[in-house]
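Student: Handing you a structure now.
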Amino acid sequence: MEEKKFDVKSIIGFVLIFGILLFMMWRNQPTPEELAEQKRLEQVEASRQADAAEKEDDTKVITEEDFSSGNAIDSLQLENLKNKLGAFAYSSTLASASQDETVVETDVLEVTFSNKGGFISEVKLKNFVDYDSVPIYLIKNGNQYFNINFGTSDNRILNTKDLFFEPSVTKNGDNTVVSMRLKSSEDQYLEYRYELQPDNYMMDFSIESNGLGNVINSSQDVNLDWRLKTFRHDQSITYENRYTRLTYMHEGDKISKLNQSGEEEEIIEDARWLSYRQHFFSSILVADQLIKKARISTEDLVEDEEVDSVFTKQFASKFPLTFNNGEASNDFQLYFGPTDSKILKQYDYELDESIPFGWGIFGWINKALFIPLFGFLSSFLPYGIAIIVMTILIKLVMSFVQYKQFLSQAKMKVLKPELDAIREKHKDNKMKAQQETMALQNKAGASPLAGCLPGLIQLPVFYALFMFFPTAFILRQKSFLWADDLSSYDVIAQLPIKIPFYGDHVSLFPILAAIAIFFYMKMTTGQQMAAQPTQEGMPDMSKIMKYMIYFSPILMLVFFNQYASGLSLYYFVSNMISIGIMLVIKNYILDEDKIHAQIQVNKKKPKKQNKFQKKMAEMMEQAEQQKQSQKKK
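Add 46 to a position in the sequence shown, counting from 1, and you land on the number used in this note's numbering.
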């Protein structure tokens with residue numbers, strides 16, 4: 047029989063492994079600081095759970111079922127409520143003190159009011175759907191925060207969002223009146239009163255009180271805090287967010303906006319209305335009496351379009367209400383509806399100014415010309431055809447500008463040999479060459495500025511239309527050819543990846559517009575380069591123009607791939623018409639031989655200089671004299 051022996055090596059190995067395990071356990075044990083922090087967190091969690099349980103017990107309310115069954119609130123619950131809410135503990139003992147809601151419908155709105163907080167918990171626009179055919183909700187699932195914060199005479203600070211209101215619905219003629227009362231007793235209450243009209247996006251809203259002089263502390267500010275996280279409704283959240291802004295009227299008729307992106311906070315004075323505009327839909331609070339001072343803010347919620355796909359921005363406004371000796375009478379109006387100039391114009395205080403039609407003359411052109419014109423055309427034409435017809439009318443009206451521009455270029459082209467000869471003759475004296483160049487252009491009635499000024503006249507029209515199409519509510523979800531929505535981009539192909547600045551789709555209208563711009567610029571820059579005099583020491587403009595021929599179409603192709611297809615349609619048609627007008631002017635209206643003959647006649651006539659030309663000539667002569675005197679020294 048084999049004798050068993052201890053394996054010394056195995057024993058040593060087990061001892062070493064055991065020692066290593068002990069060492070690792072010792073090294074990984076929590077430090078005193080970590081143990082203390084863990085204990086603190088356990089205490090905080092226990093305290094939180096205890097507070098939650100206490101709050102649940104204290105704020106337990108009597109439901110309608112309790113009343114119908116004869117149950118009564120016990121003395122301990124009532125005492126806890128009084129300790130928490132003081133005089134307003136009464137409202138939490140009523141049968142209405144529950145999470146119940148009141149729903150009211152009109153022809154255009156479906157509005158839900160919550161007993162808790164007393165304000166609107168849901169607003170559905172019955173006549174509209176989003177890009178995915180889902181009904182439009184401006185308020186839903188807690189995206190709105192509406193609260194009045196106030197102090198009481200017994201030194202409590204209360205928030206209406208945590209308190210229960212008693213609802214009632216009555217009729218005032220055809221209007222529906224919803225009253226939400228936060229009661230201190232049967233005849234003492236704070237009331238939210240809403241009055242909805244049958245076919246109206248605007249409702250009257252008032253905050254009033256009755257018999258609360260000894261309950262609410264009027265020496266402290268009673269602040270209204272209204273916040274809203276705006277839902278995404280458009281196909282492109284980035285595009286929609288570009289036109290989602292907090293706009294307000296203040297200090298008379300001033301219209302101002304908070305930043306389009308990032309975060310911003312301001313304190314404003316004498317505000318008439320606050321508009322939480324989310325591109326094509328708006329939530330607007332209008333004050334019958336000016337809001338003396340308000341703190342407003344905006345926060346951009348879209349950092350990554352792929353991830354942040356629900357909300358666009360968060361808006362907030364906070365301002366004091368009017369309370370005198372505990373009694374309040376604050377009258378407002380609330381608008382929940384489309385950002386449509388035709389609808390907003392029906393109301394007071396220029397609410398249509400919340401739409402970004404452009405500042406100054408650009409906005410005036412849109413409101414006075416393009417909006418009425420397009421409204422008229424679209425009343426009997428399909429929307430895409432209306433855009434084309436409006437573009438044709440605009441280009442015909444502006445064709446005289448294009449004619450003046452082309453005529454100026456033709457004159458400069460005819461004068462080019464003479465201007466080059468002057469520069470060659472005085473190549474060592476640039477000042478003298480400039481003087482004779484100006485003199486020749488003045489006699490001939492040709493000037494480079496004459497070609498620039500007509501182009502400047504077109505800029506207000508160009509920019510006004512650039513602002514019109516993305517904000518025209520009338521174009522929303524109107525189709526044309528392959529475009530499903532003229533207020534958004536069209537899609538002919540979906541890309542497997544998202545290209546920076548371009549997107550994950552291919553739009554055809556921007557491609558057509560880019561091609562049209564390419565040929566138009568090729569024609570115009572060719573004419574300009576032919577008329578451009580050679581200037582020694584100056585940058586070669588021909589190279590710059592050649593680059594622009596390719597750069598502008600590429601910019602159009604990339605930038606407008608995310609823009610409204612109606613705008614790209616306009617640019618495509620506009621440039622095609624411009625090309626046609628240029629061909630007609632060049633081949634059938636202007637004759638370079640006749641222009642040359644007329645220039646020669648003009649050169650023989652005595653030409654009187656205007657004040658500007660005289661001043662320029664004098665300055666150049668003085669500069670020339672100084673130069674000559676320096677040479678003599």
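We put the beta carbon where it would ideally sit given N, CA and C, even for glycine.
Rounded to whole angstroms, what's the CA-CA distance from Met248 to Asn260? Just pull it up for me.
Tutor: The alpha-carbon atoms of Met248 and Asn260 are separated by roughly 34 Å.
Student: Quick one: using the 10 Å Cβ neighbour count with 16 as the cut-off for buried, is Phe547 buried or exposed?
Tutor: Exposed, by the Cβ-count rule.
Student: If you draw a straight line from the alpha carbon of Leu336 to that of Pro599, how long is it in whole angstroms?
Tutor: Roughly 49 Å between the two C-alpha positions.
Student: Who does Gln234 pair with in a DSSP beta bridge?
Tutor: DSSP lists Ser231 as partners of Gln234.
Student: For Ile766, name the three-state secondary structure that DSSP assigns.
Tutor: Any question about residue 766 goes unanswered here, given that the chain covers just 47 to 679.
Student: Could you tell me whether the Cβ atoms of Lys339 and Phe365 are closer together than 8 Å?
Tutor: Yes, these two residues count as a Cβ contact at 8 Å.
Student: Measure the alpha-carbon distance for Tyr289 versus Leu521 and round it to whole angstroms.
Tutor: So the two alpha carbons sit approximately 15 Å from each other.
Student: Does the separation of the CB atoms of Ser264 and Phe369 fall below 8 Å?
Tutor: Cβ atoms of Ser264 and Phe369: closer than 8 Å.
Student: Just to confirm, is the Cβ distance from Phe159 to Glu147 under 8 Å?
Tutor: It is a contact, given that the beta carbons lie within the stated cut-off.
Student: Between which two residues does the alpha helix (DSSP H) harbouring Pro181 extend?
Tutor: Counting along the chain, Pro181 falls outside any alpha helix (DSSP H), though it belongs to the beta strand (DSSP E) covering Pro181 to Ile185.
Student: My parser needs the beta strand (DSSP E) runs of 3 or more residues fully inside the region 508 to 545; what are they?
Tutor: The qualifying runs are 539 to 545.
Student: From the DSSP output, read off the bridge partner residues of Phe277.
Tutor: Phe277 is bridged to Phe357.
Student: By the DSSP assignment, the beta strand (DSSP E) with Tyr191 in it spans what residues?
Tutor: Taken as a continuous stretch (DSSP letters only), the beta strand (DSSP E) holding Tyr191 covers Gln190 to Gly197.
Student: Assuming Trp272 contacts Tyr395 under a Cβ cut-off of 8 Å, what Cβ separation, rounded to an integer in Å, is found between them?
Tutor: The Cβ separation is near 18 Å, so there is no contact.
Student: Sort out for me which residues DSSP pairs Ile203 with in a bridge.
Tutor: Ile203 pairs with Gly197.
Student: In the DSSP assignment, what are the bridge partners of Tyr381?
Tutor: Met248 and Ile330.
Student: Let's see if you can read the secondary structure: which residues bound the alpha helix (DSSP H) around Ser387?
Tutor: Looking at the DSSP string, the run of the alpha helix (DSSP H) that includes Ser387 is Ser387 to Leu390.
Student: Using 8 Å as the threshold, is the C-beta distance between Leu270 and Ile342 below it?
Tutor: Not in contact: Leu270 and Ile342 (Cβ atoms no closer than 8 Å).
Student: On the three-state DSSP scale, how would you describe Pro418?
Tutor: The answer is helix: DSSP assigns Pro418 an H, G or I state.
Student: So, helix, strand or coil for Gly28, using DSSP?
Tutor: Outside the shown range of the chain, which is 47 to 679, sits residue 28, and nothing can be said about it.
Student: Terminal residues of the continuous beta strand (DSSP E) containing Thr152?
Tutor: That residue, Thr152, is in no beta strand (DSSP E); it is neither H nor E in DSSP.
Student: Using the C-alpha atoms, what's the distance from Tyr616 back to Gln504?
Tutor: Each residue's alpha carbon lies about 15 Å from the other.
Student: State the CB to CB distance for the pair Glu212 and Lys186, rounded to an integer number of angstroms; the pair is presumed to be in contact (CB under 8 Å).
Tutor: In fact, because the Cβ distance is near 24 Å, the residues do not count as touching under 8 Å.
Student: Give the DSSP-derived three-state secondary structure of Pro213 in the structure shown.
Tutor: Strand.
Student: Thinking C-beta only, is Arg239 closer than 8 Å to Glu254?
Tutor: In contact: Glu254 and Arg239 (Cβ atoms closer than 8 Å).
Student: From Asn633 to Trp405, what distance separates their C-alpha atoms?
Tutor: Taking the straight line from one Cα to the other gives about 39 Å.
Student: Just verifying my parser: in three-state terms, what is the DSSP assignment at Phe365?
Tutor: Correct three-state label for Phe365: strand.
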